[in-house]
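Trainee: For the sequence shown, the residue numbers in the working numbering are 452 to 1058.
Encoded as structure tokens, here's the structure I'll be asking about.
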Amino acid sequence: MDNSSDCCGRSRSKYRWWSVGAALFIIFAAAAFSNSSRAELGPGARPVGFDWSRSPVYGANGMAATAQPLASQVAIDVLQAGGSAVDAAIAANAALGLMEPTGNGIGGDLFAIVWDGQSLSGYNGSGRSPSGQTLEQLLQRIADMKASGALAADYEGIPSHGSLSVTVPGTVDAWFALHERFGKLPMQQVLAPAIKYAHQGFPVSPVIAYYFAGNQRRFEQVAPMVEELDNARSTYFKEGKSPVAGEMFRNPDLGNTLSAIAQGGRDAFYKGELAKRMDAYLQRIDAPLRYRDFAEHRGEWVTPLSVDYRGYTLHELPPNGQGMAALQMLSILKNYDLASMPRDSAQVFHLMVEAKRLAFEDMARYYADTDFAKIPYQQLLSDAYGKARAALIDPDKAMPEVSAGEVKLEGEGDTTYLTVADGNGMMVSLIQSNYRGMGSGLVPDGMGFMLQDRGELFALQEGHPNVYAPGKRPFHTIIPAFLSKDGKPVMSFGLMGGGMQPQGHVQIVVNMVDYGMNVQEAGDAARFLHDGGRTPEALSFDPLGTLHVETGVPAETVMKLRAMGHQVKVDDRGVMFGGYQAIAIDPNSGAYVGATEMRKDGTVAAY
């Protein structure tokens, strides 16, 4: 009798072997054709909301939204242990420096907005340029690199990698400043989860693995401008390979560095043994940054700026960051009745893009370190100025070129964003970055983190507000955001990604305020990124620029935008359009409502 013919007690060995073989064939076939099948298969259906989104996360006692699920859980664990939202945000940020070094780490800078239950506070944790290097000396070093072949002869600006782009890392100082004012748990307890993961390891998530590979390729391309890459290779790319999704990754050097910070406080990093080790490394590679620059570093508390938009108020930090550009965009857009136009129409995209172009021209002209430049905040954010700028927009076609507005002076990668809220009503909007990808390529000996390359964003043009100077903070791209209504908190949110950030902030606000999207839908909706125009680095520029849009923008809209004169490119990778996290407050119940998005690995955790 055929031993595979039935299931009633007779042998089925042939069936088993056939089924195993068939299953393996299906698996391999699915893998081979996965890309093509994904391209043809659309989203499933949902009983409520848009098919391309998912449900927001609700929680009553505490919530965290980060770009890595394990970091979100770290924040929740700290909250449940009695920590404040600031404690949890620091713990999550420390974990992300380990788990998402492609976007952040203690070698970079940090900005934060905190709602303490009564009012908003802002912290500018950006570092400064080397105090012992003048503009003339910097220009000579760049000339020497071009003469040696380390830089191309026509290279513009400060090298994107290597020691000339390194500024003092401000993150650790910002941690302790925030903790001193709002923390509850000791820093040893706050940093303990990141330290444990650094030594024991964690599985790398898919999007971060993708960025690991991209950073490795980039470092090898720019190797001539980096003084040494061996430390970066041994820390992040062992055996010449970048970590893949699911691989257990460990960084015991970073664990030891975080342990020293937990025990010795901020001074361990800026004045103690860690500062001395960084100084020795920088001297070894002949970098301009020195121990003195670390020892003299201090971030500062700042008052957020704001603009009212249809009954809501958007809050952003003042320059040297670019948050004010989002405020200027809204100041222009509130002169148009966007809600009367379909959200997916060419007209809405056109108005937002032209508002961006106008705001960014002002950014390139006026934004800089306020210790070195006077910025006309009130004029740039006034309703009258916004109305005058809006009047420059042609509703039917793109402006060939735009310029900064004339105002009376009084007397410009990669990033991680996270937000945490606790049961006492404290909400933290925190963003942190090493700038381009993982940073400069320079990893101090045995310390497990990479120094940032934020100094690339200085201008080299004398007389420009953002021109390089000793001890100066460069123009910054990373910006946290906060939305309120009638003096009460509505949402803590942010969006990663260089010049995408103010554009993304505005798109989120417009999606929610003008079009009634919920906190999750507002982030999942297809975005645009306009790239072009003048920049704070005062480099060569494309006046019209390029308008990048995601595949969710209708083909008819793309065609109409092109007919209006926009140079439109459709992108299906999602890598250009940022990474959004948000925590809002349900206006009826008072519960927290959280969102993260498809473009990153992140998740929202709550209890």
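For every residue, glycine included, the Cβ atom is placed at its ideal position computed from N, Cα and C.
Taking the C-alpha atoms as reference points, what is the distance between I593 and V858?
Mentor: Answer to the nearest angstrom: the Cα atoms are 34 angstroms apart.
Trainee: Could you spell out the range, first to last residue, of the alpha helix (DSSP H) harbouring I659?
Mentor: I659 -> alpha helix (DSSP H) spans P657 to Q672.
Trainee: How about the region 843-854 and the region 801-810: do they share at least three Cβ pairs that are nearer than 8 angstroms?
Mentor: Yes, the region 843-854 touches the region 801-810.
Trainee: Enumerate in chain order the residues of its own chain whose CB-to-CB distance from M877 is below 8 angstroms, with the five nearest sequence positions on each side excluded.
Mentor: So the qualifying residues of the chain are S535, A536, V537, V565, W566, D567, G568 and F633.
Trainee: In the DSSP assignment, the beta strand (DSSP E) including K692 goes from what residue to what residue?
Mentor: Unbroken run through K692: none, as it is neither H nor E.
Trainee: Just to confirm my understanding: we take D873, look at its own chain, exclude 5 residues before and 5 after, and list those with CB closer than 6 angstroms. What are they?
Mentor: Only G513, L530, S535 and A536 meet the Cβ criterion.
Trainee: Measuring straight from C-alpha to C-alpha, what distance separates S523 and A543?
Mentor: C-alpha separation (whole angstroms): 6 angstroms.
Trainee: Since T867 and L547 are thought to touch, with beta carbons under 8 angstroms apart, how far apart are those beta carbons, to the nearest angstrom?
Mentor: Contact holds; Cβ gap of about 5 angstroms.
Trainee: Of all the options T622, V525, L586 and G1016, which has the alpha carbon lying nearest to the alpha carbon of F900?
Mentor: When each option's Cα is compared against that of F900, the closest is T622.
Trainee: Between which two residues does the alpha helix (DSSP H) holding W503 run?
Mentor: From DSSP, W503 is part of no alpha helix (DSSP H); its letter is neither H nor E.
Trainee: Shortest alpha-carbon distance to A1046 belongs to which of V970, M729, A932 and G1003?
Mentor: For the residues V970, M729, A932 and G1003, the minimum Cα distance to A1046 belongs to V970.
Trainee: Evaluate the contact criterion for the region 571-581 versus the region 919-927: three or more CB pairs, one atom per stretch, below 8 angstroms.
Mentor: A contact exists between the region 571-581 and the region 919-927.
Trainee: Please classify A807: is it buried, with 16 or more other beta-carbons within 10 angstroms of its beta-carbon, or exposed?
Mentor: Checking the displayed sequence, the identity of residue 807 turns out to be Lys instead of Ala. It is buried - the Cβ of K807 has at least 16 other Cβ atoms within 10 Å.
Trainee: Which same chain residues, not among the five before or five after L784, have their C-beta less than 6 angstroms away from its C-beta?
Mentor: Excluding sequence neighbours, L784 sits near A806.
Trainee: Tell me which residue opens and which closes the alpha helix (DSSP H) that D567 is part of.
Mentor: From DSSP, D567 is part of no alpha helix (DSSP H); its letter is neither H nor E.
Trainee: Exposed or buried, what is P940 when buried is set at 16 or more other beta-carbons lying within 10 Å of its beta-carbon?
Mentor: It is buried - the Cβ of P940 has at least 16 other Cβ atoms within 10 Å.
Trainee: For V695, is the classification buried or exposed, using 16 other Cβ atoms within 10 angstroms of its Cβ as the cut-off for buried?
Mentor: By the neighbour-count rule (16 or more Cβ atoms within 10 Å), V695 is not buried but exposed.
Trainee: With DSSP run on the structure shown, which of helix, strand or coil describes G762?
Mentor: The answer is coil: DSSP assigns G762 none of H, G, I, E or B.
Trainee: By how many angstroms is the C-alpha of G967 removed from the C-alpha of Q773?
Mentor: Cα to Cα, the separation comes out at about 26 angstroms.
Trainee: Keeping to the same chain, check which residues put their C-beta closer than 7 angstroms to that of G652; ignore five residues upstream and five downstream.
Mentor: Only M699, F700 and R701 meet the Cβ criterion.
Trainee: Should V1021 be labelled buried (16 or more other beta-carbon atoms within 10 Å of its own) or exposed?
Mentor: V1021 comes out exposed.
Trainee: Tell me which residues share the same chain as E724 and place their Cβ nearer than 6 angstroms to its Cβ, disregarding the 5 neighbours each side in the sequence.
Mentor: None.
Trainee: For N702, which of helix, strand or coil comes out of DSSP?
Mentor: Note: N702 maps to coil in three-state DSSP.
Trainee: Taking C-beta to C-beta, are A539 and V1026 nearer than 8 angstroms?
Mentor: No. Outside cutoff.
Trainee: Cα separation between T553 and N875?
Mentor: So the two alpha carbons sit approximately 33 angstroms from each other.
Trainee: Does DSSP put D982 in a helix, a strand or coil?
Mentor: Here D982 sits in strand by DSSP.
Trainee: In this structure, how does DSSP classify I478 when only helix, strand and coil are distinguished?
Mentor: No answer about I478 holds up, because its pLDDT of 38 lies below 50 and its placement is not dependable.
Trainee: Is it true that the CB of M729 sits closer than 8 angstroms to the CB of V957?
Mentor: Result no, Cβ atoms of V957 and M729 do not sit closer than 8 angstroms.
Trainee: Looking only at its chain, what residues have a beta carbon closer than 7 angstroms to the beta carbon of S685, apart from the 5 residues adjacent to it on each side?
Mentor: Within the same chain, S685 has no close Cβ partners at all.
Trainee: Is the beta carbon of N396 less than 8 angstroms from the beta carbon of Y818?
Mentor: Any property of residue 396 remains undetermined from this structure, which presents the chain solely from 452 to 1058.
Trainee: Of the residues K825, L832, T754 and S616, which one's Cα is nearest the Cα of L733?
Mentor: The option with the nearest alpha carbon to L733 is S616.
Trainee: Start and end of the beta strand (DSSP E) containing H999?
Mentor: Note, H999: beta strand (DSSP E), T997 to E1001.
Trainee: According to the Cβ coordinates, are R668 and A815 closer than 8 angstroms?
Mentor: No, Cβ-Cβ distance for R668 and A815 is not below 8 angstroms.
Trainee: How many Å lie between S599 and D795 at the Cα?
Mentor: One C-alpha to the other measures close to 51 angstroms.
Trainee: Cα separation between H748 and S891?
Mentor: Going by the C-alpha atoms only, they are around 20 angstroms apart.
Trainee: In whole angstroms, what separates the C-alpha of S1070 from that of A839?
Mentor: This structure cannot speak to residue 1070, because the chain is shown only from 452 to 1058.
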